[in-house]
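Under our numbering, the letters of the sequence shown match residues 51 to 591, in that order.
Quick reminder that beta carbons are idealized off the backbone N, C-alpha and C, glycines included.
In this text the structure is predicted, and so the values were computed from the model without any measurement.
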Amino acid sequence: MFASLFHFQNQDPPDSEPKANLDAVRSATEFAALDFTDEELAQLLPWATDNISSFKALQGVPLDNSVAPATIFLPPTNLANVPELAAQDPLPQVQRPENLAELYWADLSTLAALIKSEQVTSVELTQLFLERLRQVDKDLHCVISFTDEIAMAQAQKMDAELSKGKWRGPLHGIPYGVKDLCSVRGTKTTWGAAPYKDQVIEEDASVVRQLEEAGAVLVAKLTLGALAMGDVWYGGKTRSPWNTDAGSSGSSAGSAAAVAAGALPFAIGSETLGSIVSPSTLCGNSSLRPTFGRVARTGAMALSWTMDKLGPMCRTLQDTALVLDAIHGTDGRDLTAMDVPFKVPGKTSVSGWRVGYSPKHFEGKEEYQQALDDLRGLGVELVEVNLPDYPVWPLMIILFAECAAAFDEFTRNNLDDQLVEQGSNAWPNTFRVARLIPAVDYIRAQRIRTLLLRDTIEKLKDVVAFVSPAGNFQTLGITNLTGHPALVAPCGFKDGMPVSLTFNGNLFDESRLIALGRAWQERGDFHLQRPPLKPLDDQRK
Numbered sequence: 051m052f053a054s055l056f057h058f059q060n061q062d063p064p065d066s067e068p069k070a071n072l073d074a075v076r077s078a079t080e081f082a083a084l085d086f087t088d089e090e091l092a093q094l095l096p097w098a099t100d101n102i103s104s105f106k107a108l109q110g111v112p113l114d115n116s117v118a119p120a121t122i123f124l125p126p127t128n129l130a131n132v133p134e135l136a137a138q139d140p141l142p143q144v145q146r147p148e149n150l151a152e153l154y155w156a157d158l159s160t161l162a163a164l165i166k167s168e169q170v171t172s173v174e175l176t177q178l179f180l181e182r183l184r185q186v187d188k189d190l191h192c193v194i195s196f197t198d199e200i201a202m203a204q205a206q207k208m209d210a211e212l213s214k215g216k217w218r219g220p221l222h223g224i225p226y227g228v229k230d231l232c233s234v235r236g237t238k239t240t241w242g243a244a245p246y247k248d249q250v251i252e253e254d255a256s257v258v259r260q261l262e263e264a265g266a267v268l269v270a271k272l273t274l275g276a277l278a279m280g281d282v283w284y285g286g287k288t289r290s291p292w293n294t295d296a297g298s299s300g301s302s303a304g305s306a307a308a309v310a311a312g313a314l315p316f317a318i319g320s321e322t323l324g325s326i327v328s329p330s331t332l333c334g335n336s337s338l339r340p341t342f343g344r345v346a347r348t349g350a351m352a353l354s355w356t357m358d359k360l361g362p363m364c365r366t367l368q369d370t371a372l373v374l375d376a377i378h379g380t381d382g383r384d385l386t387a388m389d390v391p392f393k394v395p396g397k398t399s400v401s402g403w404r405v406g407y408s409p410k411h412f413e414g415k416e417e418y419q420q421a422l423d424d425l426r427g428l429g430v431e432l433v434e435v436n437l438p439d440y441p442v443w444p445l446m447i448i449l450f451a452e453c454a455a456a457f458d459e460f461t462r463n464n465l466d467d468q469l470v471e472q473g474s475n476a477w478p479n480t481f482r483v484a485r486l487i488p489a490v491d492y493i494r495a496q497r498i499r500t501l502l503l504r505d506t507i508e509k510l511k512d513v514v515a516f517v518s519p520a521g522n523f524q525t526l527g528i529t530n531l532t533g534h535p536a537l538v539a540p541c542g543f544k545d546g547m548p549v550s551l552t553f554n555g556n557l558f559d560e561s562r563l564i565a566l567g568r569a570w571q572e573r574g575d576f577h578l579q580r581p582p583l584k585p586l587d588d589q590r591k
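Here's what the structure looks like:
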């Protein structure tokens, strides 16, 4: 759920700020009934000092007494001005390829057409992708558990239903994988962390249940950086298929790598702060981070109750609509999930649509100029928009306090010692530092977040989307705090690796956002490029 983004923050506390000392920190932890070693205290000391500047930044934001904290974070909805979109496209007319390996790269509509016409069976497709996934996993380390038994039973059921004339929709019989922070009955749910590598949670996460109802076939549980940070898990480091010497980023590491390698048609990832956007960028996926509250999270590991989101990671932006259509809505258990209508958009003219951007985000970045030109070529009006100016990094104490609370017993019982990553930026130290965040400052940050949400809604109300380079932390941070949805898709290459553009939409306006993203994506072919995974792609010829 959380990408490795600490490099955006200055690691050295400003000299002008008062510095905490070891004795003061030790006393503070004793008052909180914590028992940290001297080594652990020394590691957290620089971050505790750095937090002083964050607290001061937040204290400098004026707050009227009427501003309530966003402690139960339900973003408002306003879809009154959403224009009518084209109806969902019919399935294409396609023929079974002579070489089934071509289906590694097929979009969901193509696979759905082949299955519905019974040119390819779900069992056939499931076996194809299970084999492919095992092949690429040797280099990418993207799978924690294969679910062959579940997959074959589901595939056989889908084929049997289709033979009797029952077709559940475009995901009927389509294989997929899920990030291993979502529970699946009868399988391990490891959260990517050694202390939980044998954990079994005997319930299906809501998103897994919804996909089964839509006819999708679960073939694997995919890697995530331990406890949803980065790409390092207890079994190794997940790699990008574009360069196996490089990590995939995270934390939806396996979901991104497997789909980008043609080993799955789609996968489910999660994001708290960059964990869909960041690996999708390094792996070249077309992915959607839905509005906060759009998808129920029951059965998914909690990291930040007010920021966690689940979403699809796919081959095309239109594919994200087909998956979202299956997984959106309430489940009666996740109190933040909302039933807001969603419509799968068909191919829509976007001429005359207004799209916001900040020119300074694109200065000196030639690799993004074609993406902007393609938007203009669609008749889109690019207008300058600057998102609200708030202290975004200091507001991340919301995330740090919530994740430390989620793993309070984990820290108290010293299970953090078993994690692979133990540096100052890793979870163990982050959890310890967060214990020194005053409750008053956490609540103040949530109150400022209320203002940030209000002002961001105002900034975006006259545009369909706000586009930015995928690596822009200010935009990423703001929109994760406010819950706004985002599409991410490749728009070029730099040094042999994909670079991506992010479309940030209005709350619960995914239909229009995807229509825009699709129109832009189909002007180019970056999403059709295949990573250099030879000899894997030659072996079926």
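Here's the rule I'm using: 16 or more other beta-carbon atoms within 10 Å means buried, otherwise exposed. How should residue 93 be labelled? buried
Could you check whether residue 450 and residue 373 sit closer than 9 Å to each other, using their CB atoms as the reference points? No, Cβ-Cβ distance for residue 373 and residue 450 is not below 9 Å.
Closest by CA to residue 561, which one among 344, 288, 507, 443? Closest by alpha carbon: 344.
Closest Cα partner of residue 518 within the set 569, 531, 411: 411
Close beta carbons around residue 390, own chain, < 6 Å, minus the five adjacent residues each side: Apart from the 5 residues on each side of it in sequence, residue 390 sits with its Cβ closer than 6 Å to the Cβ of 127, 558 in its chain, given in chain order.
For residue 59, three-class secondary structure by DSSP: Summary for residue 59: the model assigns pLDDT 42, below 50, so the residue's position carries little reliability; its value from the coordinates is reported in the next sentence. Residue state, collapsed to three classes: coil.
If we ignore side chains and look at the alpha-carbon of each, how far apart do residue 155 and residue 582 end up? 13 Å
Considering only the beta carbon of each residue, do residue 497 and residue 107 sit closer than 9 Å? no
Going by DSSP in three states, residue 443 sits in which element: helix, strand or coil? helix
Can you list, in chain order, the stretches of the alpha helix (DSSP H) that have 4 or more residues and sit fully within the segment 235 to 312? 256 to 263, 303 to 310
Rounded C-alpha distance that separates residue 259 from residue 483: Using only the alpha carbons, I get a separation of about 37 Å.
Per DSSP, which one or two residues make a beta bridge with residue 354? Paired residues: none, contrary to the question.
Quick check: residue 338 and residue 135, are their CB atoms within less than 9 Å of each other? No, the Cβ-Cβ distance between residue 338 and residue 135 is not below 9 Å.
Going by beta-carbon coordinates alone, are residue 327 and residue 53 separated by less than 9 Å? yes
Whose CA, out of 179, 123, 297, lies closest to the CA of residue 190? If you compare the alpha carbons of 179, 123, 297 with that of residue 190, the shortest gap goes to 297.
Going by the CB atoms, is the gap between residue 209 and residue 159 shorter than 9 Å? Not in contact: residue 159 and residue 209 (Cβ atoms no closer than 9 Å).
Which residue marks the beginning of the beta strand (DSSP E) containing residue 515, and which one marks its end? 515 to 519
Report whether the distance from the Cβ of residue 248 to the nearest heavy atom of the ligand ZN is below 8 Å. Although the ligand ZN was asked about, the structure shown includes no ligands whatsoever.
For the alpha helix (DSSP H) containing residue 497, name the first residue and the last one. 489 to 510
Once the 5 residues before and after residue 123 are set aside, which same chain residues still bring their CB inside 6 Å of it? So the list reads 356, once near-sequence residues are dropped.
What is the DSSP secondary structure of residue 571, reduced to helix, strand or coil? helix
Kindly give me the distance between the Cβ atoms of residue 269 and residue 201, rounded to whole angstroms, as I take these residues to be in contact under 8 Å. With a Cβ gap of about 4 Å, residue 269 and residue 201 count as contacting.
Residue 592 versus residue 417 - alpha carbon distance: Because the chain is modelled from 51 through 591, residue 592 falls outside the range shown and cannot be assessed.
By a C-beta neighbour count over all protein chains shown, 10 Å radius and 16 as the cutoff for buried, is residue 491 buried or exposed? buried
Which full runs of the beta strand (DSSP E) of 3+ residues lie inside the segment 345 to 399, going along the chain? 359 to 364
Would you mind sorting residue 361 into buried or exposed? The rule is 16 or more other CB atoms within 10 Å of its CB. buried
Bridge partners - residue 154, DSSP secondary structure assignment: BP columns for residue 154 are empty, so no partner.
When 379, 467, 365 are compared against residue 310, the one with the closest alpha-carbon: 365
Judging by CA-CA distance, which residue of 72, 78, 199 is the nearest neighbour of residue 487? The shortest CA-to-CA distance from residue 487 to any of 72, 78, 199 is the one to 78.
Near residue 272, which residues of its chain fall below 7 Å by C-beta distance, leaving aside the five closest residues on each side in sequence? 192, 193, 194, 227, 228, 229, 230, 304, 305, 308, 317
Taking only beta-carbon atoms, is residue 341 less than 9 Å away from chain C? As a matter of chain content, chain C is missing from the structure shown, which is built from one protein chain.
Just how far apart, CA to CA, sit residue 177 and residue 161? 14 Å
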